[in-house]
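Visitor: Take this structure, written in structure tokens, and hold onto it; I'll ask about it next.
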Amino acid sequence: MFGDRWIAYSVVLLFIMGEVAIISCNVLGFAEFKYETLRRPLLQMIAFTFGFILAEFISRLDYRKLFNKKLAYSLVFLSFLSLTAVLIKKIITGKPVDRWLIGKSVQPLEFLKISIIVFLAYYIAVKGSLRSFAWTLWVSLLIFPNVLLLTLQPDNGGAVFVLLLSLSIMYVGGIPYKLYLPLLAFAFLFSLSLLRVGYISERILAWIDPFAEAEEKGYQIIQSLYAFAKGGPFGVR
């Protein structure tokens, strides 16, 4: 219980620091502290409070109730449907990037993470381990379509995270090396191909040499370096 409290305190502290940074970036004077200028921070505080209460409620649930076949498979299926809905929405609107439902309030990736954990935990607990090739193949066929949908959003970072999350749980679940190593090699090559194209590749190149495009892609990294160099205890003035 003591450890849980400190986790909660850390989350609240990080949120407060983030909100203070966001508000201070706008350089607001006292005369500007009105609803119009503080609308977004107020909405973020409301969302954080709701999420914190929801997290506290979920933490008190009996996790053993999640050991349910219908629930485990339903979560993965619903995650797949929500990611498909995002893709259809992206095609209809013609946006180059779309990762959300209901405006920008719901990101199906976050629900997919929970679904993967619950499903793999249930499946491995039922089977005892992933000793069989057929069992491993079935798990992979349920997970990889979700990863593919993430790359079509595109959310390559999310796709790589889901792959790493799945492989980590499968490894802990006792998958034999003769099955795990080919999956690991595939995940590595797939992730590498994602990281070498598009906006992620541009970010990596900007991180390696931000001064090559100092006015565009490397601008924020350069400003961060200046802040570290000149900041001092109270930041840049």
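Under my numbering, think of the first position of the sequence shown as 1171, with each following residue one higher. For each residue, glycine too, the CB sits at the ideal point set by N, CA and C. Nothing here was measured: the structure is a model prediction, and the numbers come from that model.
(1) Going by the beta-carbon positions, is the gap between Gly1327 and Ile1370 smaller than 9 angstroms?
(2) Counting C-beta neighbours from all protein chains within 10 Å, is the total for Ser1285 16 or more, i.e. buried, or is it exposed?
(3) Grab me the residues of Glu1189's own chain with a C-beta within less than 8 angstroms of its C-beta, minus the 5 sequence neighbours each way, in chain order.
(4) Helix or strand or just coil, what does DSSP make of Leu1300?
(5) Phe1381: buried (16+ other C-beta within 10 angstroms of its C-beta) or exposed?
(6) Decide if Arg1366 is buried, meaning its Cβ has at least 16 other Cβ atoms within 10 Å, or exposed.
(7) Apart from the five residues just before and just after Ala1357, which ones in its own chain have a Cβ nearer than 7 angstroms to its Cβ?
(8) Can you tell which of Ala1225, Lys1235 and Leu1318 has its C-alpha closest to the C-alpha of Phe1360?
(9) Using the Cβ count rule (16 or more neighbours within 10 Å means buried), how would you classify Pro1278?
(10) So is Thr1306 buried or exposed if we call it buried at 16+ other beta carbons inside 10 Å?
(11) Does the Cβ of Phe1289 have 16 or more other Cβ atoms within 10 Å, making it buried, or fewer, making it exposed?
(12) Taking the alpha carbon of Ala1225 as the point to measure from, which residue in Leu1245, Ala1355 and Ile1177 has its own alpha carbon closest?
(13) Tell me whether Val1256 sits in a helix, a strand or coil according to DSSP, three-state version.
(14) Select from Ala1384, Leu1241, Phe1250 and Ile1378 the residue whose C-alpha is nearest the C-alpha of Leu1312.
(15) Taking the DSSP output, what are the residues bridged to Val1267?
(16) State buried or exposed for Val1267, treating a residue as buried only when at least 16 other CB atoms are found within 10 Å of its CB.
(17) Along the chain, where does the alpha helix (DSSP H) that runs through Val1276 open and close?
(18) Report yes or no: do the stretch 1287-1302 and the stretch 1233-1245 share at least 3 C-beta pairs separated by less than 8 angstroms?
(19) Nearest-angstrom Cα distance between Gly1388 and Leu1375?
(20) In this structure, does DSSP put Glu1383 in helix, strand or coil?
(21) When burial is assigned at 16 or more other CB atoms within 10 Å of the CB, is Leu1231 buried or exposed?
Guide: Let's see:
(1) Indexing the sequence shown from 1 puts residue 1327 at position 157. Indexing the sequence shown from 1 puts residue 1370 at position 200. In this structure, Gly1327 sits near Ile1370, with a CB-CB distance shorter than 9 angstroms.
(2) Taking the first residue of the sequence shown as position 1, residue 1285 is located at position 115. Flag for Ser1285 reads buried.
(3) Numbered from 1 along the sequence shown, position 19 holds the residue referred to as residue 1189. Same-chain partners within the cutoff: Pro1211, Gln1214 and Met1215.
(4) For the purposes of this step, residue 1300 is taken as the residue at position 130 of the sequence shown. Coil at Leu1300, not helix or strand.
(5) For the purposes of this step, residue 1381 is identified with residue 211 of the sequence shown, where counting begins at 1. That one is exposed.
(6) In the sequence shown, counting from the first residue as 1, residue 1366 sits at position 196. Burial call: exposed.
(7) Walking along the sequence shown from the start, residue 1357 turns up at place 187. Cβ within range, chain order: Leu1333 and Leu1337.
(8) The residue you call residue 1360 lines up with position 190 of the sequence shown. Closest by alpha carbon: Leu1318.
(9) Within the sequence shown, numbered from 1, the residue matching residue 1278 stands at position 108. That one is buried.
(10) Working through the sequence shown from its first residue, we reach residue 1306 at position 136. The residue in question, Thr1306, is buried, as its Cβ has 16 or more Cβ neighbours within 10 Å.
(11) Position 119 of the sequence shown, counting from 1, holds the residue named residue 1289. Buried, since its Cβ has 16 or more Cβ neighbours within 10 Å.
(12) Translated into positions along the sequence shown, residue 1225 becomes position 55. Ala1225 has its Cα closest to that of Ile1177, out of Leu1245, Ala1355 and Ile1177.
(13) As a working note, residue 1256 is residue 86 in the sequence shown. Note: Val1256 maps to helix in three-state DSSP.
(14) On the sequence shown, position 142 is the one that residue 1312 refers to. Cα-wise, what sits closest to Leu1312 is Phe1250.
(15) On the sequence shown, position 97 is the one that residue 1267 refers to. Per DSSP, none; premise fails for Val1267.
(16) For the purposes of this step, residue 1267 is taken as the residue at position 97 of the sequence shown. That one is exposed.
(17) Here residue 1276 refers to the residue found at position 106 when the sequence shown is read from its first residue. No alpha helix (DSSP H) holds Val1276; DSSP gives it neither H nor E.
(18) Touching, yes, given that three or more Cβ pairs across the two stretches are closer than 8 angstroms.
(19) Numbered from 1 along the sequence shown, position 218 holds the residue referred to as residue 1388. Numbered from 1 along the sequence shown, position 205 holds the residue referred to as residue 1375. Going by the C-alpha atoms only, they are around 9 angstroms apart.
(20) Indexing the sequence shown from 1 puts residue 1383 at position 213. Correct three-state label for Glu1383: helix.
(21) Translated into the one-based positions of the sequence shown, residue 1231 becomes position 61. By the 10 Å Cβ count, Leu1231 comes out exposed.
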